[in-house]
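Residue numbers (this note's numbering), protein chains in the order written: chain A, 693 to 1101; chain B, 693 to 1101. In this text, a Cβ means the ideal position worked out from N, Cα and C, and glycines have one as well. Bear in mind that the values here come from a model prediction, so they are computed numbers and not experimental data.
Below you can see the structure in the form of structure tokens.
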């Protein structure tokens, strides 16, 4: 029976498909290699607990009002100073605090995209970004990555062709140049420079998602794209990986005219000041570099454990790039493998991962899988990768030889 | 000189005009009758300070992770229980926590509106809502209010006419039926029932902004529109007026299919859990009704002080409806008065208010002014209204008799 409700239509921008990540697992010993979560034992809980108490006690009435006490400004100043370490010079009016970098992506999309506008992304790319661009009713075109990140040469060819044939160029390119999620790769210096030149020549924005940049295991430094062409980059970062995602605080750095427009879209003006007051209190006198060094030490060990486990469990059935930072190892299986086909079996056996197709704008990416080494323990990494290999080899046997186990010899 | 940046175009949805409320006043004795802020001395600071400490100490690691500990669920349950007091029955999957009710308005607009779709609003209406609908590229039509709220009869006529002439009916009607901001009026029971019937007959949504409903000075109760036609109402409320706006936490109640779509638009899934953990800790065992009773006692006294001050300072130069709740008195001056013309003079003399035109979708509303009695002290209300009257009478004298003061007799 059709109720009046069913006659109603949502806006076209509402995607018909649900978002990913809906696998619900309740077994207590389940190993989540799917979650891109920070390691909880590295959260600065003692300091934060004290900061929360002090912030409310000292600035409570103002912290609860719309504009807050001095906290929001202190956070802007902290971001300004920390950005300098990475070569980014920005005035305070070029910085805006956001609800995580994901809100930054959404604001960039809504600022720049009319329905039918073009966005170019990497394949693979961050799934929440793909969802934001679909919701903005953009036309998404993707370009592959290799060991050195985005194939800027292919992007350049496409721009040349678009120019020759009067075809649309993108309003912006969304990229995660450093410790790519899920690819684990980093854009080379040469490609960074070329991409910045292309942005200037063809007049498009680059939305630079730099969420993992502090988690630099190798010490090798790469200039943020923002430093190469600041007036054409909307730079996004987040406290989620370095303090804790529950805060839902990140930031955008861009030309001040872009920031003004972003503020307009963020109705009600400011991001909740209460959390900002607490974070400001935490950052005041917090030994941030020491904290980051601990994160790096821990996560790089986890990466090594996972890389070794993958090699010993999978042998030459997979290849991957050893990431120099971030949270992820991106497995590439043989080209006929479809990792979605053993996702459920693996979950039932006790391990979850994200299948390749979730990271692509089109129907592709089947032979890939993203494993996250940040959230679980070393022991869980080894056990989880082992179980995953069991699930894969069972699937592979069935794929190649049919239902042999169920059949009598 | 034109830089490449200036050649770039933002999306059409980006409004060209800045938002209101940009008057910056730095004098310490300035009286802000413009701010729609809660009274800071009524914030439950001691309880919140303890809650913040305990929440972080007890649930810190989970509170900092994406999904949090039990806090978000406890808040949903609190909302569910408190809603029952107002006659609203909702399952947990019909409730979504938002970043204040303003995000709720924005989500409703983005869920339902394609560019060119129609939204009907009250005149006057909440300025952030008008901004959200402009950003959604909607066609906004407004209908006046009187002592009994929205003129539902005029709205019905317009629907009849639209039906007869095959003209577009609205995707939704945005209304603040109880203690209207800025009008101070409340929609009568009869009109509530009629509006619900119209929503059913013509198949549109009602976005019911109920931000002030707890601040009920008279004890008279009105059924939320949600209770009359739940499948056609997106109900919005907020902790901003009852706990503190710095939390930036509110909620939406709607059909679960609507809530599912709203979650899709809210990329990254959930609202920052850290603040939710703290709020959940506060609400646990908090004597909420006693707290609300204190707010009501205080704000209703403030309202009386302001109403008396307006009468003694302005005499019959203004009329207003005595609000039964909320934060605002909405002054109506003579029809040739334009309150924008003495906004700056009043600010220089030491008092700020919001001029009428800010609350209208079209170029109208000049003879109105919104005064807020919630934020300032009784003494400031009396002094502020006095200064405002001085500014008005000086303007009026000049308007009627020209530049008499500068001219010799």
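- Using a Cβ-Cβ distance cut-off of 8 Å, the segment 912 to 929 of chain B and the segment 881 to 891 of chain B are in contact, since at least three pairs of beta carbons, one from each stretch, lie closer than that value.
- Taking 8 Å as the upper bound on Cβ-Cβ separation, chain A lies near residues 744, 745, 747, 748, 749, 752, 753, 754, 755, 756, 757, 758 and 760 of the segment 743 to 765 of chain B.
- Apart from sequence neighbours up to five positions away, the residues of its chain that approach residue 761/B with a beta-carbon distance below 7 Å are 751, 754, 755 and 969, ordered along the chain.
- Cβ proximity to chain A below 9 Å picks out 923, 924, 932, 935, 936, 937, 938, 939, 940 and 941 from the segment 923 to 943 of chain B.
- The distance from the Cβ of residue 803/A to that of residue 957/A is about 6 Å, consistent with a contact at the 8 Å cut-off.
- Close to chain B, meaning a Cβ-Cβ distance shorter than 8 Å, are the following residues of the segment 890 to 913 of chain A: 892, 895 and 897.
- For residue 1078/A, the closest alpha carbon among the candidates 703/A, 840/A, 723/A and 701/A is that of 723/A.
- Around the CB of residue 900/A, 16 or more other CB atoms lie within 10 Å, so the residue is classed as buried.
- If you check the CB distance, residue 841/B and residue 883/B come in under 8 Å.
- Three or more Cβ pairs closer than 8 Å define a contact, and the segment 901 to 908 of chain B meets that threshold against the segment 870 to 877 of chain B.
- Relative to the Cα of residue 894/A, the nearest Cα in the group 852/A, 1068/A and 967/A belongs to 852/A.
- For residue 719/A, no CB of chain B lies under 8 Å from its own CB, so it is not counted at the interface with that chain.
- Residue state for residue 908/B is assigned as strand, using DSSP reduced to three classes.
- Of all residues in the segment 827 to 857 of chain A, only 827 come within less than 7 Å of chain B when Cβ atoms are compared, listed by chain position.
- For the pair residue 1084/B and residue 1051/B, the CB atoms are not nearer than the 8 Å cut-off.
- Against residue 953/B, the close residues of chain A are 702 and 706, in the order they occur along the chain (beta-carbon pairs closer than 8 Å).
- For residue 741/A, the neighbours in chain B by C-beta distance under 8 Å run, in chain order, 745, 748, 749 and 752.
- In the three-state scheme derived from DSSP, where H, G and I count as helix and E and B as strand, residue 742/A is classed as helix.
- Per the Cβ contact rule, the segment 981 to 995 of chain B is not in contact with the segment 1041 to 1061 of chain B (fewer than 3 Cβ pairs under 8 Å).
- Taking the Cβ atoms as the reference, residue 997/A lies roughly 5 Å from residue 1070/A, within the contact range of under 8 Å.
- As the crow flies, the alpha-carbon of residue 964/A is around 40 Å from that of residue 1009/B.
- Cβ neighbours of residue 747/B within its own chain (closer than 8 Å, five residues either side excluded): 755, 763, 969, 970, 972 and 973.
- Listed in chain order, the non-local C-beta contacts of residue 954/A below 7 Å within the same chain comprise 788, 799, 803 and 944, local neighbours out to five positions each way being set aside.
- Residue 814/A has 835/A as its beta-bridge partners, per DSSP.
- Straight-line measurement puts the Cα of residue 950/A at about 34 Å from the Cα of residue 1048/A.
- For the pair residue 846/A and residue 835/A, the CB atoms are nearer than the 8 Å cut-off.
- Counting C-beta atoms within 10 angstroms of its own C-beta, residue 857/B has fewer than 16 neighbours from the protein chains shown and is therefore classed as exposed.
- As summarised for the segment 962 to 1032 of chain A, the continuous beta strand (DSSP E) elements at least 3 residues long and confined to that stretch are 1020 to 1024, given in chain order.
- Contact check between the segment 927 to 938 of chain A and the segment 790 to 797 of chain A: three or more CB pairs, one atom from each, fall below 8 Å, which counts as touching.
- At a cut-off of 8 Å, the C-beta of residue 1019/B has no neighbouring C-beta in chain A.
- Taking every protein chain shown into account, the CB of residue 936/A has 16 or more other CB atoms within 10 angstroms, so this residue is buried.
- Neighbourhood of residue 803/A in chain B, by CB distance below 8 Å: 702, 703 and 706, in chain order.
- Here DSSP, grouped into helix, strand and coil, assigns residue 942/A to strand.
- Per the coordinates, the alpha-carbon of residue 1040/A lies some 10 Å from the alpha-carbon of residue 719/A.
- Under a criterion of Cβ atoms nearer than 7 Å, the residues of chain A adjacent to residue 967/B are, in order, 964, 966 and 967.
- The alpha-carbon separation between residue 744/A and residue 736/B amounts to approximately 15 Å.
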